[in-house]
Structures are given as C-alpha cells and as structure tokens.
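Engineer:
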Amino acid sequence: MGRLLSIDYGRKRCGIAVTDTLCIVANGLTTIPTHTLVDFIKKYVATEPVDKIIVGHPTTMRGEESESMKYITPGINRLRKELPDIPIEFWDERFTSVIAHRSMLDGGMKKMARRDKAIVDEISATIILNDYLQSKTYNT
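According to the numbering used here, the residues represented by the sequence shown are 13 to 152, in order.
1. Cβ of Y21 within 9 Å of Cβ of G68?
2. Since V37 is in the alpha helix (DSSP H), which residue starts that stretch and which ends it?
3. Nearest to I28 by CA position, among K93, N89 and I139, is which residue?
4. In the DSSP assignment, find the unbroken beta strand (DSSP E) run with E101 in it and report its ends.
5. D133 to I100, Cα distance in whole Å?
6. Is it true that the CB of T71 sits closer than 9 Å to the CB of S78?
7. List the DSSP bridge partners of S18.
8. Suppose you measure from the CA of G87 to the CA of D32; what does that come to, to the nearest Å?
9. Any idea what DSSP makes of V50, helix, strand or coil?
10. Three-state secondary structure (DSSP) at P164?
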C-alpha cells in the first residue's frame, strides 16, 4: 500500500505532506521552491510508494476557482505528464493558511517561527491531507 502526498502549491514555494503507509496519519514533509517541485516529487516516488497526490485547490468564498489557478494548473499539468501512473486530485484548501496560523499559535510557536512562510506552507499541506483523509473516513 502506498502513501498519499499533498501539495500546497504556491508561486514561490510548495508545502509537502505525506501519510504513513497505511494512510491513517498525515505529517508535514518539507517545503520546496516551486520550480523544483516536479523533480522533488519524481525523486520521492522513486523511493516511496505513492498511490495518489492531493493538491490544494484555492477557491473563493463562493466556491469559484481563485486567480491562483492560473499558475497552479500549468505546474500540475507538468506533474501529470511526468507521473502519468499516479492520480492527482484537487482538494478544497479554503482557510488552510488561517488554520495553519491558528495551530501555530495554539502550539505555542514563537513569533519569529510563525513568520516563516515555509512552515505555514508545510502545515497547510498537512491540513489539506488531513481534511482529505477525514472525508474518506466518513464517506466510506
């Protein structure tokens, strides 16, 4: 059984999270520069089995696609081309950055660490993946 991997895709960097091999728990993996995403994912799946990639889908409060999709779609299409055997699914990421900041506060993270956007991106990827896992748990 393979892992699930999630991406919080951004213009400058992408937060990455993965599940355990039983797909029970999501954990932050890293944050990488966006221009290295495809190479990073290709190297990761060469060493770890990944069954599916979940990508944060930014939407407006009305549920419409946000402007960010203009740069996310080409990047994800390139990933699909490079890894045609791994399904890629978009998942609603509304409020993940807000939830990430809240969890950092609740966890007692120092102010300087909370300013590190890379940490926020990694936590956001973890939240996206946990939301995905919870939806599958309750809907099966």
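Backbone N, C-alpha and C define an ideal beta-carbon position, used for all residues, glycine too.
Structural biologist: Based on what the coordinates show:
1. As a first step, residue 21 is located in the sequence shown; it is residue number 9 there, counting from the start. As a first step, residue 68 is located in the sequence shown; it is residue number 56 there, counting from the start. For Y21 and G68, yes; Cβs fall inside 9 Å.
2. Position 25 of the sequence shown holds residue 37. Segment: none, V37 is in no alpha helix (DSSP H) and carries neither H nor E.
3. Working through the sequence shown from its first residue, we reach residue 28 at position 16. Checking every option, the nearest Cα to that of I28 belongs to I139.
4. For the purposes of this step, residue 101 is identified with residue 89 of the sequence shown, where counting begins at 1. I100 to D104 is the span of the beta strand (DSSP E), which, as asked, contains E101.
5. Translated into the one-based positions of the sequence shown, residue 133 becomes position 121. Translated into the one-based positions of the sequence shown, residue 100 becomes position 88. Those two C-alpha atoms are separated by around 19 Å.
6. Locating residue 78 in the sequence shown gives position 66, counting from the first residue. Locating residue 71 in the sequence shown gives position 59, counting from the first residue. Yes, these two residues count as a Cβ contact at 9 Å.
7. If you number the sequence shown from 1, residue 18 lands on position 6. DSSP output for S18 lists A29 and I66 as bridge partner(s).
8. Stepping through the sequence shown from its first residue, residue 87 is reached at position 75. Stepping through the sequence shown from its first residue, residue 32 is reached at position 20. Approximately 25 Å between the Cα atoms of the pair.
9. Locating residue 50 in the sequence shown gives position 38, counting from the first residue. In this structure, V50 counts as helix in the three-state DSSP scheme.
10. Given a span of 13 to 152 for the chain in the structure shown, any question on residue 164 remains unanswerable.
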